[in-house]
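The numbering of the sequence shown is the working numbering, which starts it at 4 and goes up by one.
Report on the following structure.
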Amino acid sequence: MGLLTGMCNMIRNEQAYHRAKKKLLEERAQLDSLVRALKEEGLGPEAIARTTGMMSGRVEELELGVARYEQAKRGEFGQVVNLEGLGALLVGARIALGITQSELARRLEVDPSQVSKDERFEYQGLTMERATRVLDALGAELVSELRLLEQEEEE
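Printed below as a string of structure tokens:
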């Protein structure tokens, strides 16, 4: 799975990143404690998994969010196929470049709340013109490659 797959609830700034890391540590410790207690009570692996399922899911979601933010900060983006995930790519590029939402808004000559909204919804409904403006404001370039898919021969 690439960085851009399923980027809902993406961490978009350092403050949110630090909050997520703190919450991850807390929830992971709670989960470990619960698993130990359930084992001591004699529950088997399946019963423990059923009991801790929701908490395990939250921990996995936090781990994924933190990992994706760290990848973005390192400039590791993965591929965008058929422009799906382009909005998340733009958010990741801003993070990698160390540009705040406020600075991007200044460069785009829009209100900072507009950039926040755009990023929260990962630039849903993004036009090519708008994508180009954001890329220009970031000082970034998107390079595309067209691949023709083989068509199945009729028998």
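C-beta: ideal position from N, C-alpha, C; glycine also.
Bear in mind the structure is a predicted one, so any value in this text is a computation, not a measurement.
Own chain residues within Cβ distance below 7 Å of residue i, not counting five before or after
{"i": "Leu129", "result": "Leu89, Gly90"}
{"i": "Asp139", "result": "none"}
{"i": "Ala32", "result": "none"}
{"i": "Arg136", "result": "Leu111"}
{"i": "Leu145", "result": "Leu138"}
is_contact[residue i, chain C] using C-beta, thresh 8 Å
{"i": "Leu100", "result": "Absent from the structure: chain C. Only one protein chain is present."}
Distance between beta carbons of residue j and residue i, contact taken as under 8 Å
{"i": "Lys24", "j": "Val69", "result": "6 Å"}
{"i": "Thr55", "j": "Val38", "result": "6 Å"}
{"i": "Arg15", "j": "Glu106", "result": "Wrong, their Cβ atoms sit about 13 Å apart, outside the cutoff."}
{"i": "Pro115", "j": "Gln104", "result": "6 Å"}
{"i": "Met224", "j": "Arg71", "result": "Given a span of 4 to 158 for the chain in the structure shown, any question on residue 224 remains unanswerable."}
beta-carbon residue i near the ligand ATP non-hydrogen atom, thresh 7 Å
{"i": "Leu86", "result": "Ligands in the displayed structure: none, and consequently the ligand ATP is not present."}
Beta-carbon contacts of residue i that lie in its chain and below 6 Å, excluding the five residues immediately before and after
{"i": "Met10", "result": "Any reading at Met10 must be qualified, since the residue scores a pLDDT of 45, below 50, and its modelled position is unreliable; no value is offered."}
{"i": "Gly47", "result": "none"}
{"i": "Ala75", "result": "Gly95, Ile98, Ala99"}
{"i": "Glu125", "result": "Gly90, Ala91"}
Beta-carbon contacts of residue i that lie in its chain and below 8 Å, excluding the five residues immediately before and after
{"i": "Glu30", "result": "Met58, Arg61, Val62, Leu65"}
{"i": "Lys42", "result": "Ile51"}
{"i": "Ala3", "result": "Because the chain in this structure spans residues 4 to 158, residue 3 falls outside the shown range and cannot be described."}
Notebook entry, point to check: Taking only runs of the alpha helix (DSSP H) that begin and end inside the region 77-133, which ones reach a length of at least 4 residues, in chain order?
Noted result: Taking 4 residues as the minimum length, the alpha helix (DSSP H) runs contained wholly in the region 77-133 are 89-100, 104-111, 115-123, in order along the chain.
Check: Touch check for the region 45-61 and the region 73-87: three-plus C-beta pairs under 8 Å?
Finding: Counting Cβ pairs under 8 Å, fewer than three are found: no touch.
Check: Three or more beta-carbon pairs under 8 Å between the region 94-114 and the region 34-50, yes or no?
Finding: With a cut-off of 8 Å, the region 34-50 and the region 94-114 do not count as touching, because too few Cβ pairs lie within range.
Notebook entry, point to check: Of all the alpha helix (DSSP H) runs that stay within the bounds of the region 43-81, which reach a length of 4 or more residues?
Noted result: Whole alpha helix (DSSP H) segments, 4+ residues: 48-76.
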